[in-house]
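Novice:
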Amino acid sequence: MTSLSTDTLAQAVDYLAASLENPLNSATCAVRMRVVADRLDDAYMACTSPIAQLKLAKSYPKLSRATVRFLTTKRSPSEHKELIEHLSKCRCPLYHPGMALLHNFELCLRDKIRGKSIRDTHMILQIIRILLKLITTNLTDLARHKFRSKDPAKPASQQPWPHSGEDLLPFGVADSVDGLTLWALEPDGGHYIYQLAAALGALNGAFLEAMIRPPDYTFAIREPLKHLEAEMAPYVKTSVPADLRVHLKTILLGDALQDITVFYGVLISHNHSGRVTKMLVDTSALSVPVFRRLSNLLAPLPRYSIWEAGREAIAVLLDLTKMKLARNGEYYLPKGQEMTAFNDMPPPNPFDDTFVHLWYVRKGGCCNPECPSPTTSGAYAKSCGACKMLRFCDQKCQKEAWKHKQYPHKTLCAKITSLKQQLGVDNWSHIMRDAQTDNGGTFRKMCEARSVDGKLVKEIGDTLQNIRSRTFIGPDCQSK
1 MTSLSTDTLA QAVDYLAASL ENPLNSATCA VRMRVVADRL DDAYMACTSP
51 IAQLKLAKSY PKLSRATVRF LTTKRSPSEH KELIEHLSKC RCPLYHPGMA
101 LLHNFELCLR DKIRGKSIRD THMILQIIRI LLKLITTNLT DLARHKFRSK
151 DPAKPASQQP WPHSGEDLLP FGVADSVDGL TLWALEPDGG HYIYQLAAAL
201 GALNGAFLEA MIRPPDYTFA IREPLKHLEA EMAPYVKTSV PADLRVHLKT
251 ILLGDALQDI TVFYGVLISH NHSGRVTKML VDTSALSVPV FRRLSNLLAP
301 LPRYSIWEAG REAIAVLLDL TKMKLARNGE YYLPKGQEMT AFNDMPPPNP
351 FDDTFVHLWY VRKGGCCNPE CPSPTTSGAY AKSCGACKML RFCDQKCQKE
401 AWKHKQYPHK TLCAKITSLK QQLGVDNWSH IMRDAQTDNG GTFRKMCEAR
451 SVDGKLVKEI GDTLQNIRSR TFIGPDCQSK
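Shown next as structure tokens:
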């Protein structure tokens, strides 16, 4: 195929999907795959709204399935190396003018890679980066353990993705983590894999737990730390340049920091089993020095955008390393220690804070403060029939939550229902639909435009924060 740059996008995507489905086929070529990936990226960036981006991402289910299978296939290190070498070795008939044009780096690669051999993994990881952008967008409107409905009029390859747990992770939980680990080991872009890990972990509790593997914690700790250290290397090994802010924006605060802090954010938000806390405590000697160096580099930067998100994530991780294990098996904060992550942060915005909590409880997990395993159950937690936001794993948990002494859902449910009525049903649907991609901007603007009771919003946010805090570290995990 020599017309990948002029074929319809659907035709070009078919080539890319086929290459991922059978990567050892003699016709596969990383350069040609990259041409298609760039066209997809152009189409994504041309979307004028989050809804349009989601529609595009959902338009190619065959490509999504092929990408996930490609990345989660369990291979030996030697098989992984063989795959990279095969994809990187071009066998295309370059004597054909059209084919030669496709392989012209200056024309077909927007970033004009210089000093990079096609045999490097760089190009392959860049293809993966673009594909993962589409996949993570595709998954943003799904809740935990909930999947898309099948369309009986469509063939199997064109069924909406994912329509089941097996469709999401075709090789199962453990083998999928093994498959992703080899990609995460790649020094030149392996951090992109943590985008997918975060998205899958947010939807599948068993997968999230499987990523936390003691005693080495290779995937969840050791490899992320290596990627962060690599990003910091220019500033740790040499004196900090005068134009620190510019350099940090363009180099340090790039994809690696964002990918890894988002990954840790998902782990922390679903730390109901306590395994994330245990991992951070067990590896504190390894992780704390890295987190502190990164925290020091981020400290002088302005408080906005990705800098602030990265700073907050690292501060929370450092706080969790302070925990200790009691004889009864519970983690506690020793006397003399305190959680300081939020001490120096800007004054909270009740609308933004409440939106974040609403988004997370809607995504899944049991919101009964006394539930012993709010996210480890494989069953999809059903939402409350009244507020349609908080979820409970069964009727027993919902009844307990309804009459809970400290945080009764009966009261919270009425407040959320009142908030939805003030905003309007149609506006509420629009807010939830765009939630992941606009960072709560729509919610805040609509609340302000309709003069929604700020006190009500704050009360909802405070209650949800307390509920999430209890299911995060457990009701017995406190200072002793």
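Just so you know, full-length UniProt numbering puts 210 at position 210 of the sequence shown, and the rest follows in order with no gaps. Virtual Cβ for every residue (Gly too), placed ideally from N, Cα, C. All figures in this text were calculated on a predicted structure; none of them were measured in a lab.
#1: Measuring straight from C-alpha to C-alpha, what distance separates C29 and R91?
#2: Which residues share a DSSP beta bridge with residue 481?
#3: Opposite K396 in the DSSP bridges: which residues?
#4: Among K58, R34, M211, H357, which has the Cα closest to the Cα of Q126?
#5: Who are the near neighbours of A10 in its chain, counting only those whose CB is closer than 7 Å to its CB and skipping five residues on each side?
#6: Using three-state DSSP, classify K363 as helix, strand or coil.
#7: Under 8 Å, do G189 and H122 count as touching if we go by C-beta distance?
#8: In this structure, how does DSSP classify L325 when only helix, strand and coil are distinguished?
#9: Using CA atoms only, rank isn't needed, just tell me which of T67, Y331, M211 is closest to V177.
#10: Taking all protein chains shown into account, decide if T411 is buried (16 or more other Cβ within 10 angstroms of its Cβ) or exposed.
#11: I need the straight-line Cα distance from G265 to L94, nearest angstrom please.
#12: Can you name the start and end residues of the alpha helix (DSSP H) that Q159 belongs to?
#13: Taking the alpha helix (DSSP H) that L24 belongs to, which residues open and close that run?
#14: For a quick check, are the C-beta atoms of residue 515 and C366 less than 8 Å apart?
#15: May I have the straight-line CA-CA distance separating A143 from G201, to the nearest angstrom?
#16: Rounded to the nearest angstrom, what separates D41 and I130 at their Cα positions?
#17: Just grab the DSSP bridge partners of Y332 for me.
#18: Going by beta carbon distance, what residues of the same chain come within less than 7 Å of M45, once the five residues before and after it are set aside?
#19: In the DSSP assignment, the alpha helix (DSSP H) including K58 goes from what residue to what residue?
#20: Quick check on the burial criterion: 16 or more other C-beta atoms within 10 angstroms. Buried or exposed for residue 485?
#21: Are the C-beta atoms of S64 and some chain B residue less than 8 Å apart?
#22: For P14, collect the residues of the same chain with a Cβ closer than 8 Å to its Cβ; drop the 5 residues on either side in sequence, then sort them by chain order.
#23: Alpha helix (DSSP H) containing M279: first to last residue?
#24: What's the gap between the Cα of S157 and the Cα of R468?
#25: If I measure Cβ to Cβ from E400 and keep anything under 7 Å in the same chain, skipping five residues before and after, which residues do I get?
#26: Sort A174, Y192, L203 by Cα distance to D259 and report the nearest one.
#27: Going by DSSP, what residue range makes up the alpha helix (DSSP H) through N204?
#28: Determine the DSSP secondary structure at D175, reduced to helix, strand or coil.
#29: Return the residue from the list A198, L286, H404 that minimises the CA-CA distance to T136.
#30: What does the alpha-carbon distance come out to for the pair L203 and H357?
#31: According to DSSP, is T8 part of a helix, a strand, or is it coil?
#32: Can you name, in chain order, every residue of its own chain whose Cβ lies under 8 Å from the Cβ of A256, other than the five neighbours on each side?
#33: How big is the Cα-Cα spacing for L109 and S88?
#34: Would you mind stating whether V173 and A206 have Cβ atoms separated by less than 8 Å?
#35: Between the alpha carbons of P170 and F147, how many angstroms are there, rounded?
#36: Would you mind giving the Cβ-Cβ distance between S295 and I314, rounded to the nearest angstrom? I have them listed as a contact below 8 Å.
Specialist: Straight from the coordinates:
#1: 7 Å
#2: Only positions 1 to 480 of the chain appear in the structure, and residue 481 is not among them; the question remains open.
#3: Paired residue(s): none; K396 is not in a bridge.
#4: R34
#5: none
#6: helix
#7: yes
#8: strand
#9: M211
#10: exposed
#11: 46 Å
#12: Neither: Q159 is in no alpha helix (DSSP H) and is coded neither H nor E.
#13: No alpha helix (DSSP H) contains L24, which DSSP labels as neither H nor E.
#14: Given a span of 1 to 480 for the chain in the structure shown, any question on residue 515 remains unanswerable.
#15: 11 Å
#16: 6 Å
#17: K324
#18: none
#19: 50-58
#20: Absent from the model: residue 485. The displayed extent of the chain is 1 to 480, so no value can be given.
#21: This model lacks chain B altogether, as it is built from one protein chain only.
#22: It should be pointed out that residue 14 corresponds to Asp in this sequence rather than to Pro. The answer, listed in chain order, is K62.
#23: 275-282
#24: 39 Å
#25: N368, E370
#26: Y192
#27: Counting along the chain, N204 falls outside any alpha helix (DSSP H), and DSSP gives it neither H nor E.
#28: helix
#29: A198
#30: 16 Å
#31: coil
#32: H191, H227, L228, A230, E231
#33: Low confidence applies here, because L109 scores a pLDDT of 46, under 50, leaving its location unreliable; read the following figure in that light. So the two alpha carbons sit approximately 15 Å from each other.
#34: yes
#35: 14 Å
#36: 5 Å
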